[in-house]
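Report on one structure; see the data block that follows.
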Amino acid sequence: MKRNINLILSSSCFIYFACLIYISFKHIVLNNFFSGIFELITIPLIILTIVMLAFNIQGWYLENFLKKSSSFLSIVILLTTIILMTLATIFDV
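Heads up: the sequence shown begins at 26 in the working numbering, then just goes up one per residue.
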């Protein structure tokens, strides 16, 4: 069950930041309520992404670096999320 939660949280972080970047890129103006919700959720999800990456790397190490493990898939999703956030910051999206 713990492995499924890691995959779900990793995927939800990726989807959240992809949607946030899409909204910023298309210049979609949200009303104040949704804008406030996005601002409240963003920083905890950034912290969650970094912490989950550390835990999944540790779990993948304990599983002897098996590519079949769910920790590996979570690491790939989280690294993609971090790369997406970094590129959005660099290109000022």
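Note that the Cβ used here is the ideal one computed from N, Cα and C, for glycine as well.
All figures in this text were calculated on a predicted structure; none of them were measured in a lab.
{"Item": "Residue burial classification, T74 (beta-carbon count within 10 angstroms, cutoff 16)", "Value": "buried"}
{"Item": "Rounded separation between L78 and L91 - CA only", "Value": "16 Å"}
{"Item": "Residue burial classification, I29 (beta-carbon count within 10 angstroms, cutoff 16)", "Value": "Correcting the residue identity first, residue 29 is Asn in this sequence and not Ile. Result: exposed."}
{"Item": "Backbone CA spacing between F94 and L70 [nearest angstrom]", "Value": "Checking the sequence shown, residue 94 turns out to be Ser, not Phe. So the alpha carbons of these two residues sit roughly 23 Å apart."}
{"Item": "Nearest-angstrom Cα separation, counted from S36 out to L87", "Value": "22 Å"}
{"Item": "Pair within 8 Å by beta-carbon distance, I40 and L109", "Value": "no"}
{"Item": "Same chain only: Cβ atoms within 8 Å of L55, ignoring 5 sequence neighbours per side", "Value": "I48 and F63"}
{"Item": "DSSP three-state assignment for S94, whether helix, strand or coil", "Value": "coil"}
{"Item": "Coarse secondary structure for M116, derived from DSSP in three states", "Value": "Sequence check: residue 116 is Phe here, not Met. In the structure shown, F116 sits in coil (DSSP, three-state: anything other than H, G, I, E or B)."}
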